[in-house]
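K.L.:
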Amino acid sequence: MRILIFGPNGSGKGTQSANLVKKYDLAHVESGGIFRENIGGGTPLGKEAKAYIDRGDLVPDSITIPMILDRLSRPDCQGGWILDGFPRNPAQAEALIESLEAKNMPLDVVIVIELAREVCKERLLGRRSCPNGHPNNLAIEVIKPKGSGDQLTCWKCDADLTARKDDVDAEAIDKRLDIYFDGENGTLGSVDVMEKWVAQRDGARFVRVNGAGSIEEVREHMFAGFNQ
Ligand code: AMP
Numbered sequence: 002m003r004i005l006i007f008g009p010n011g012s013g014k015g016t017q018s019a020n021l022v023k024k025y026d027l028a029h030v031e032s033g034g035i036f037r038e039n040i041g042g043g044t045p046l047g048k049e050a051k052a053y054i055d056r057g058d059l060v061p062d063s064i065t066i067p068m069i070l071d072r073l074s075r076p077d078c079q080g081g082w083i084l085d086g087f088p089r090n091p092a093q094a095e096a097l098i099e100s101l102e103a104k105n106m107p108l109d110v111v112i113v114i115e116l117a118r119e120v121c122k123e124r125l126l127g128r129r130s131c132p133n134g135h136p137n138n139l140a141i142e143v144i145k146p147k148g149s150g151d152q153l154t155c156w157k158c159d160a161d162l163t164a165r166k167d168d169v170d171a172e173a174i175d176k177r178l179d180i181y182f183d184g185e186n187g188t189l190g191s192v193d194v195m196e197k198w199v200a201q202r203d204g205a206r207f208v209r210v211n212g213a214g215s216i217e218e219v220r221e222h223m224f225a226g227f228n229q
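The sequence shown begins at 2 in the working numbering and counts up by one.
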């Protein structure tokens with residue numbers, strides 16, 4: 002199974018991807034996560050990408066495209082993958098299509114989680130990271146962290162929480178959402194490119210999901226779309 006998942010920052014895309022990884026035993030290829038791992042490890046790639054990411058800008062295509070295409074050719078991707086956070090502009094979408102066509106590797110499903118921009122912004126400002134991967138958000142009652150101020154702990158495992166630098170900076174959030182909602186040169190522009198490509202191919206599904214419900218509701222809509 003090969004899945005491409007789109008959704009604005011804060012739409013729950015990461016959480017729903019984790020559901021799909023578990024259900025179909027897929028490699029989770031998350032572009033933002035790969036960058037963050039490299040930043041954490043102090044690699045040359047991480048050092049180059051950090052300033053772009055902190056500002057909410059895209060890392061240049063000359064770095065991002067080869068990084069993702071290389072990642073998809075690793076052995077753990079042979080059994081299927083979900084690609085999350087890439088493509089984010091039409092040039093990245095074209096590069097992905099070219100690579101999939103060269104390898105004769107069709108996509109099975111393209112998912113687009115849809116959510117209003119204002120809701121995304123509220124959720125991004127409220128998002129906190131748990132070291133054990135549990136989703137936490139001050140703006141979502143069922144996964145609201147415990148504590149207050151800087152002393153927040155995970156609602157599920159009590160671990161201390163941190164905030165991503167690009168999530169506490171309202172300007173960086175606006176920039177990331179501008180990039181996502183740009184239907185021409187941004188991520189929605191890349192959704193268009195992928196939708197047209199998928200429409201020409203047999204067997205691939207294109208599923209739009211309303212991201213406004215609970216995590217379970219969104220998951221159910223998503224899986225219902227798979228089985229249409
Ligand atoms: P995310 O975790 O998906 O919000 O990504 C965090 C940051 O990583 C983004 O704001 C960008 O700076 C960078 N990034 C992630 N994916 C891409 C991509 N496909 N192209 C360029 N930059 C990206």
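Ideal Cβ placement from N, Cα and C applies to all residues, glycine included.
Ignore the nearest five residues each way along the sequence and tell me which others in residue 68's own chain have a CB closer than 8 Å to its CB.
P.N.:
For residue 68, where only same-chain residues beyond five positions count, the Cβ hits under 8 Å are 32, 35 and 46.
K.L.:
Check the DSSP bridge columns for residue 163 and list the partner residues they point to.
P.N.:
For residue 163, which the question treats as bridged, DSSP gives the partners 130.
K.L.:
Compute the distance between the beta-carbons of residue 114 and residue 187, then report whether it is under 8 Å.
P.N.:
Not closer than 8 Å, so no.
K.L.:
Taking only runs of the alpha helix (DSSP H) that begin and end inside the stretch 29-59, which ones reach a length of at least 4 residues, in chain order?
P.N.:
Counting whole runs of 4 or more residues, the stretch 29-59 contains the alpha helix (DSSP H) stretches 32-41 and 45-56.
K.L.:
Please report the distance separating the alpha-carbon of residue 106 from that of residue 13.
P.N.:
Their Cα atoms are separated by approximately 27 Å.
K.L.:
Taking C-beta to C-beta, are residue 83 and residue 4 nearer than 8 Å?
P.N.:
Yes, Cβ-Cβ distance for residue 83 and residue 4 is below 8 Å.
K.L.:
Determine whether the beta carbon atoms of residue 137 and residue 155 lie at a separation below 8 Å.
P.N.:
Closer than 8 Å, so yes.
K.L.:
Tell me whether residue 10 counts as near ligand 1, meaning its Cβ is closer than 7 Å to at least one heavy atom of that ligand.
P.N.:
It does: the Cβ of residue 10 is within 7 Å (strictly closer) of some heavy atom of ligand 1.
K.L.:
Just list the beta strand (DSSP E) runs in the stretch 63-125, keeping only unbroken ones of 3 residues or longer that don't cross its boundaries, in chain order.
P.N.:
Counting only runs of 3 or more, we get 82-85 and 110-115.
K.L.:
Per DSSP, residue 154 is paired with what?
P.N.:
In DSSP, residue 154 forms a bridge with 147 and 161.
K.L.:
Taking 7 Å as the line, does the beta carbon of residue 60 fall inside it for any heavy atom of ligand 1?
P.N.:
Answer for residue 60: yes, Cβ within range of ligand 1.
K.L.:
How many angstroms separate the CA atom of residue 162 from the CA atom of residue 131?
P.N.:
In a straight line, the C-alpha of residue 162 is about 5 Å away from that of residue 131.
K.L.:
For my contact list, residue 40 and residue 112 are in at a C-beta cut-off of 8 Å; report their separation, rounded to the angstrom.
P.N.:
Not confirmed; about 27 Å, so no contact.
K.L.:
Pull up the DSSP beta-bridge partners for residue 206, would you.
P.N.:
The partner list for residue 206 (beta bridge, DSSP) reads 110.
K.L.:
Return yes when the Cβ of residue 194 is within less than 8 Å of the Cβ of residue 94, no when it is not.
P.N.:
Contact: yes.
K.L.:
Taking buried to mean at least 16 other C-beta atoms within 10 Å of its own C-beta, is residue 96 buried or exposed?
P.N.:
Buried is the call here.
K.L.:
Buried or exposed for residue 133, please, with buried defined as at least 16 other CB atoms from any protein chain shown within 10 angstroms of its CB.
P.N.:
Per the 10 Å Cβ criterion, exposed.
K.L.:
Flag residue 100 as yes when its Cβ comes closer than 7 Å to any non-hydrogen atom of ligand 1, and as no otherwise.
P.N.:
Because no heavy atom of ligand 1 lies under 7 Å away, the Cβ of residue 100 does not count as near it: no.
K.L.:
Check each candidate in 198, 63 and 139 and name the one with the smallest Cα separation from residue 206.
P.N.:
Cα-wise, what sits closest to residue 206 is 198.
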